[in-house]
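With my numbering as the guide, the letters of the sequence shown map in order to residues 133 to 304.
Beta carbons: idealized from backbone N, C-alpha and C, even for Gly.
Computed from a prediction, not measured in an experiment: that's the story for all the values here.
As structure tokens, the structure follows; a few thoughts come after it.
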Amino acid sequence: MAKAITIFFSIKGQTLGAGMKIVEQKKGNTAIAAEFIHNAIGGELFEIEAARVYSKDHMTLINEAKQELQAGTRVEVKKYPESLDDYDTIFLGYPNWWNTMPMVMFTFLEHYDWTGKRIIPFCTNEGSGFGESVRDIKKIAKGSDVKDGITITGSQVKNMENRISAWAKGQL
Ligand SMILES: Cc1cc2nc3c(=O)[nH]c(=O)nc-3n(C[C@H](O)[C@H](O)[C@H](O)COP(=O)(O)O)c2cc1C
Numbered sequence: 133m134a135k136a137i138t139i140f141f142s143i144k145g146q147t148l149g150a151g152m153k154i155v156e157q158k159k160g161n162t163a164i165a166a167e168f169i170h171n172a173i174g175g176e177l178f179e180i181e182a183a184r185v186y187s188k189d190h191m192t193l194i195n196e197a198k199q200e201l202q203a204g205t206r207v208e209v210k211k212y213p214e215s216l217d218d219y220d221t222i223f224l225g226y227p228n229w230w231n232t233m234p235m236v237m238f239t240f241l242e243h244y245d246w247t248g249k250r251i252i253p254f255c256t257n258e259g260s261g262f263g264e265s266v267r268d269i270k271k272i273a274k275g276s277d278v279k280d281g282i283t284i285t286g287s288q289v290k291n292m293e294n295r296i297s298a299w300a301k302g303q304l
């Protein structure tokens, strides 16, 4: 049996809800998906937090993220799991930001040696799917086996527990 950890980054507060309306939520979409996966498969759950503070205003956050991407900023990670040695399977979750993953995910991935690990990405988004993110993960996480993963419409995630749980169980 694979030993799995679910690792994710997510923003709480303002986000795009149904009909592209800005809504306020206590838990981010990717966090909700990560909990469904964790509940389905067990193992550990780890939230990546950025050391920088993002604006609580959605449109300002959109611009902040664009600047980071354009500058290739390696946003600092607050805290890392000490080691991933105990895990062979990593469910890796993030929102699609500007057609790839948030820059803090690049920083996180560059911190470890991924040789021999199985990475299963899950990406919440509002229409762009994975964008370039899986290609970007493959570029950084050399020696790993990056699976196809799943994309999830963020504004629909609350209704998708059954589908996400069944998918996650099917990966082990
Ligand atoms: C900075 C930023 C950039 C985004 N860029 C895209 C995008 O390029 N394509 C897309 O489909 N959704 C985009 N979105 C929507 C998010 O991917 C979506 O709302 C996601 O579910 C948010 O996840 P979270 O609540 O876990 O942070 C963007 C959202 C933000 C905040």
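How should residue i be labelled, buried or exposed, when 16 other C-beta atoms within 10 angstroms of its C-beta is the threshold for buried?
i, result
"residue 231", "exposed"
"residue 191", "exposed"
"residue 126", "Any answer about residue 126 is impossible in this case: the structure gives the chain only from 133 up to 304."
"residue 302", "exposed"
"residue 150", "exposed"
"residue 298", "exposed"
"residue 221", "buried"
"residue 123", "The displayed coordinates of the chain run from 133 to 304. Any statement about residue 123 would go beyond what the structure contains."
"residue 251", "buried"
"residue 274", "exposed"
"residue 158", "exposed"
"residue 290", "exposed"
Residue i to residue j, Cα distance in whole Å?
i, j, result
"residue 286", "residue 148", "8 angstroms"
"residue 133", "residue 304", "The predicted position of residue 133 is uncertain, since its pLDDT is 48 and thus under 50; no value can be drawn from it."
"residue 204", "residue 167", "30 angstroms"
"residue 283", "residue 254", "6 angstroms"
"residue 156", "residue 278", "33 angstroms"
"residue 270", "residue 199", "23 angstroms"
"residue 225", "residue 293", "15 angstroms"
"residue 135", "residue 184", "31 angstroms"
"residue 233", "residue 212", "18 angstroms"
"residue 209", "residue 239", "7 angstroms"
"residue 229", "residue 164", "17 angstroms"
"residue 137", "residue 178", "7 angstroms"
"residue 256", "residue 161", "7 angstroms"
"residue 227", "residue 188", "16 angstroms"
"residue 96", "residue 281", "For the chain, the structure presents residues 133 to 304; residue 96 sits outside this window and is missing."
"residue 207", "residue 193", "14 angstroms"
"residue 272", "residue 295", "29 angstroms"
"residue 288", "residue 143", "16 angstroms"
"residue 196", "residue 176", "31 angstroms"
Residue i: which of the options sits nearest, CA to CA?
i, options, result
"residue 202", "213, 215, 235, 170", "235"
"residue 217", "194, 272, 244", "244"
"residue 300", "139, 173, 246, 259", "173"
"residue 180", "241, 258, 276", "241"
Pull the bridge partners of residue i from the DSSP assignment, please.
i, result
"residue 288", "None, per the DSSP bridge assignment."
"residue 202", "For residue 202, which the question treats as bridged, DSSP gives no partner whatsoever."
"residue 230", "Note: residue 230 sits in no beta bridge, so no partner."
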